[in-house]
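>
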Amino acid sequence: MNRKNIKIIRSEKRKKTIQARDINGVLHVYLPAGMGEDEEKKWIDAVIKRMENRRKRHALNSDESLKKRARELNKKYFGGKLEFEIRYVTNQNKRFGSCTHMDKTIRISHRVADMPQWVRDYVIIHELAHLIHPNHSKKFWELVNQYKYTERARGYLMAMG
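Residue 2 is where the sequence shown starts when you use our numbering, and the numbers rise one by one after that.
Set out below in structure tokens:
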């Protein structure tokens, strides 16, 4: 992030806390008025790093990256034969993913976006397998269990609730 895009706002009321917000591409950093230059620089650097990491994570977890990863997993585990639409949704709080077999639509809960890659991969593979077997039959699980982290990912998801 360019330091030109940072607006520092000092407050007499603010004694200990530091806050940062991205407002229309400008990073507003709220600091205590009595903070020294060295400490200010340290905090600004930390805030910039945190915001850059957040932006990178957001880019990794976008619908586009989800589609790309799903295409890669489709190719690896299903020979690239499956056709589907996939996206993150914010209205799934009890499920991690869902698949509508009839219209080939897969929805992945936004909660999965912040989980480790091997868990996201499992959820995607699980939902892709529903395009072939719209149930949890033995054949369905044979497909899903091709993924080497299936049991580990299922345990992770159970712990997450």
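We put the beta carbon where it would ideally sit given N, CA and C, even for glycine.
Which full runs of the beta strand (DSSP E) of 3+ residues lie inside the stretch 75 to 143, going along the chain?
86 to 90, 98 to 101 and 106 to 110
> Name the residue from Ile10, Met103, Asn54 and Ile107 whose alpha carbon lies nearest to the alpha carbon of lysine 68.
Ile107
> Given a cut-off of 8 Å on the beta-carbon distance, is the pair aspartate 104 and arginine 88 in contact?
For the 8 Å CB-CB criterion, aspartate 104 and arginine 88 do not form a contact.
> Between Tyr148, Gly35, Asp122 and Ala21, which lies nearest to methionine 52 when the distance is taken from Cα to Cα?
Ala21
> Which runs of the alpha helix (DSSP H), 4 residues or longer, sit entirely within the stretch 3 to 50?
none
> So phenylalanine 85 and leucine 132 are supposed to be a Cβ contact under 8 Å. How far apart are they, rounded?
6 Å
> Please state the DSSP three-state secondary structure of tyrosine 157.
helix
> Report the rounded CA-to-CA distance for cysteine 100 versus arginine 56, giving the unit in angstroms.
When rounded, the distance between both Cα atoms is 29 Å.
> Alpha carbon to alpha carbon, what distance is there between threonine 151 and methionine 159?
Rounded to whole angstroms, methionine 159 to threonine 151 spans 12 Å at the Cα level.
> How big is the Cα-Cα spacing for proline 135 and aspartate 115?
26 Å
> So, is serine 138 buried or exposed, given that buried needs 16 or more other C-beta atoms within 10 angstroms?
Looking at its Cβ environment, which holds fewer than 16 other Cβ atoms inside 10 Å, serine 138 is exposed.
> Got a sec? Which residues, its chain only, sit under 6 Å from valine 48 by beta carbon, not counting five neighbours each side?
Ala21 and Val30
> Taking the alpha-carbon of lysine 95 as reference, which of Arg112, Phe141, Ile125 and Val120 has the nearest alpha-carbon?
Arg112
> Pick helix, strand or coil for asparagine 146, following the three-state DSSP scheme.
coil
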